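Just below is one structure, and these are the notes that go with it.
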Amino acid sequence: MTTSSITPSDFPVTLQFVSSLSAVPRETGAELGGALLGEPSTGALPVWPVQRIFAPLLGATSPVVQETWLTTLPLRSGGSDDIVWCRNDGVLYGVLELSEADFLPMPGCSSLQAASAEAYRRIFRLLDAQAMPHLWRVWNYLADINLETEGLERYRQFNIGRQDAFVACRRGASGNVPAACAIGLVGGTLNIAFMAGTTPAVPVENPRQVSAYNYPADYGPRSPTFSRAALVYPEGQEILFISGTASIVGHQTVHPGDVVGQCRESMANIAAVLAEANRLRRSPAFMLSELCYRVYVRHAGDFDKVRAALRTLIGAAEVVYVQADICRHDLLLEIEAFASHALEN
Ligand code: 3EB
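The opening position of the sequence shown corresponds to residue 2 in my numbering, with each subsequent residue numbered one higher.
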């Protein structure tokens with residue numbers, strides 16, 4: 002099964018998203034990059050950059066889902082510094098995996114913190130070299146995200162390294178920062194995918210939430226470096242990326258222990274971010290029902306309740322459910338989404 006919000010007749014387009022519930026659909030030669038979610042695949046991997054997210058899918062008819070960004074514009078690809086990337090004239094997609102074991106812990110700097118800083122420095126170096134300065138969207142995955150080591154939760158260690166790299170690379174750690182998610186998996190590498198462009202993203206914040214880059218120190222010595230959403234502009238298009246969104250109001254978790262309450266609150270947050278995005282949009286209004294969703298559920302046993310709650314909120318919208326850890330121990334789910342519109346010239 003293949004679904005998409007843009008039909009092939011709309012080609013040529015700079016970026017087209019295709020989600021396929023079959024292991025590996027036929028290669029078209031037009032792949033910029035994508036993600037493979039679910040069970041570790043034994044088959045051959047695509048040659049284009051693919052982020053493998055080893056996490057159980059929930060309620061899926063296939064053990065694997067492949068999400069791919071296609072483009073009809075000429076492609077160039079490369080690899081260096083453990084980054085595999087592919088680009089057209091206006092957009093670059095890359096994936097980077099670092100093994101924490103390759104980074105010696107130092108006093109005051111864990112292996113994960115060092116790996117996180119190095120990962121982002123390498124990304125920024127590549128973007129500089131490729132004259133692709135604007136980081137639009139980042140997908141971060143790390144092992145044991147809630148585990149405390151060396152006196153600090155690993156998500157908080159990651160946040161220190163990430164912010165250090167933004168500052169060291171003169172990017173600034175607030176305001177103009179990418180949309181993102183940061184999700185915990187059972188094991189594996191520090192696994193980061195990113196999309197960047199030649200044109201600036203328009204960051205979008207949520208009036209119901211304190212901006213993450215302004216979180217108080219209760220949530221760690223350094224704030225997370227991401228925007229609640231970003232509007233980005235591949236040529237002829239407007240894409241809305243909504244970051245991982247959870248049951249947080251202000252800066253506090255609400256509805257602890259209540260997964261349905263958290264689901265509704267997360268969707269209220271997404272609706273609020275969508276309204277903000279719609280004040281800044283250049284294409285027709287974005288609607289909740291047209292978004293493609295990815296939902297991370299901490300406990301597989303909560304899946305049925307979450308699906309039922311979401312169905313009443315977003316109807317038959319496209320949703321991929323993944324079992325994974327969320328970056329606060331009291332968060333039971335997180336929802337991210339995006340949509341793409343054509344721009345009138
Ligand atoms: C939150 O709102 C929930 O650290 O990149 C959501 C999206 C969350 C992105 C990140 C974290 C991140 O704070 C967690």
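Where is the CB? At the ideal position from N, CA and C, for every residue including glycine.
Predicted model only: the values in this text are computed from it and were never measured.
Use the C-beta contact count for asparagine 160: other C-beta atoms within 10 angstroms, 16 or more gives buried, fewer gives exposed. The residue in question, asparagine 160, is buried, as its Cβ has 16 or more Cβ neighbours within 10 Å.
Taking the straight line between their C-alpha atoms, what separation do you get for alanine 278 and asparagine 207? Roughly 9 Å separates the two Cα atoms.
If I'm right that valine 205 touches glycine 251 with Cβ under 8 Å, what's the distance once you round it to whole angstroms? Incorrect: roughly 18 Å between the Cβ atoms, too far for contact.
Enclosing beta strand (DSSP E) for phenylalanine 18 [first to last residue]: Per DSSP, the continuous beta strand (DSSP E) segment holding phenylalanine 18 begins and ends at 17-21.
Give a yes or no on whether the C-beta atoms belonging to alanine 310 and arginine 265 are separated by under 9 Å. A contact, by the Cβ cut-off of 9 Å.
Curious, which full-length beta strand (DSSP E) runs of at least 3 residues does the stretch 254-283 contain? Counting only runs of 3 or more, we get nothing.
Grab the span of the alpha helix (DSSP H) containing glutamate 119 for me, first residue to last. 112-130 is the extent of the alpha helix (DSSP H) around glutamate 119.
Are the CB atoms of cysteine 170 and glycine 245 within a distance shorter than 9 Å? For the 9 Å CB-CB criterion, glycine 245 and cysteine 170 do not form a contact.
With a cut-off of 8 Å on the beta carbons, I'd call valine 19 and leucine 38 a contact; round off their distance for me. That belief does not hold up - the Cβ atoms of valine 19 and leucine 38 are roughly 14 Å apart, past 8 Å.
Should valine 96 and leucine 136 be called a contact, given that it needs their Cβ atoms to be closer than 9 Å? In this structure, leucine 136 does not lie closer than 9 Å to valine 96 by Cβ.
Where do the N-terminal and C-terminal ends of the beta strand (DSSP E) with asparagine 192 fall, by residue? In this chain, the beta strand (DSSP E) harbouring asparagine 192 covers 191-198.
Spatial neighbours of alanine 272 within its chain, please: CB distance less than 7 Å, with the 5 preceding and 5 following residues excluded, ordered by chain position. These residues qualify, in order along the chain: Leu289.
Spell out a yes or no on whether the stretch 83-98 and the stretch 48-59 are touching, meaning 3 or more CB-CB pairs, one atom from each, closer than 8 Å. Here the stretch 83-98 lies against the stretch 48-59, with 3 or more beta-carbon pairs under 8 Å apart.
Can you find a heavy atom of ligand 1 that lies under 8 Å from the Cβ of glycine 162? Because no heavy atom of ligand 1 lies under 8 Å away, the Cβ of glycine 162 does not count as near it: no.
Using 10 angstroms around the beta-carbon of aspartate 326, count the other beta-carbons present and answer buried if the total reaches 16, otherwise exposed. By the neighbour-count rule (16 or more Cβ atoms within 10 Å), aspartate 326 is buried.
Please say whether leucine 76 and leucine 128 have beta carbons closer to each other than 9 Å? No. Outside cutoff.
Beta-carbon contacts of glutamate 345 that lie in its chain and below 6 Å, excluding the five residues immediately before and after: Beyond the five residues adjoining it in sequence on each side, glutamate 345 comes within less than 6 Å, by CB distance, of no other residue in the same chain.
Three-state class that DSSP yields for valine 211 in the structure shown: Valine 211 falls in the coil class under three-state DSSP.
Quick check on the burial criterion: 16 or more other C-beta atoms within 10 angstroms. Buried or exposed for methionine 2? Residue placement at methionine 2 is flagged as unreliable, the pLDDT there being 34, under the threshold of 50; a coordinate-derived value is accordingly withheld.
Closest to isoleucine 124 by C-alpha separation, out of Phe195, Leu58, Gly188, Arg299, would be which residue? Answer by Cα proximity: Phe195.
Give the straight-line distance between the Cα atoms of glutamate 239 and alanine 276, rounded to the nearest whole angstrom. Our two residues, glutamate 239 and alanine 276, have alpha carbons roughly 16 Å apart in a direct line.
How long is the line joining the alpha carbons of proline 217 and serine 112, rounded to whole angstroms? Straight-line spacing of the CA atoms in proline 217 and serine 112 works out to 24 Å.
Measure the CB-CB distance between alanine 247 and asparagine 215 and report whether it falls below 9 Å. Contact flag unset, no.
When the distance is taken between beta carbons, is arginine 299 closer than 9 Å to glutamine 324? Between glutamine 324 and arginine 299, the C-beta spacing is below 9 Å.
Arginine 312 in three-state terms, based on DSSP: Reduced to three states, the DSSP call for arginine 312 is helix.
Pick from Ala144, Val139, Arg172, His330: whose alpha carbon is nearest that of valine 187? Ranking the options by Cα distance to valine 187, first place goes to Ala144.
Can you give, in chain order, each stretch of the alpha helix (DSSP H) that sits fully within the stretch 142-194 and has at least 4 residues? As far as the stretch 142-194 is concerned, its whole alpha helix (DSSP H) runs of at least 4 residues are 155-169.
Rounded to whole angstroms, what's the CA-CA distance from valine 274 to alanine 230? Just pull it up for me. Valine 274 and alanine 230: Cα-Cα distance of roughly 7 Å.
For phenylalanine 304, the nearest candidate out of Gly35, Leu58, Leu16 (CA to CA): Closest by alpha carbon: Leu58.
CB of leucine 93 to nearest heavy atom of ligand 1: below 8 Å? The answer is no for leucine 93.
Check the DSSP bridge columns for phenylalanine 55 and list the partner residues they point to. Gly39.
Could you pull out every residue in the same chain whose Cβ sits closer than 7 Å to the Cβ of glutamate 40, ignoring the five residues on either side in sequence? Excluding sequence neighbours, glutamate 40 sits near Pro64, Val65.
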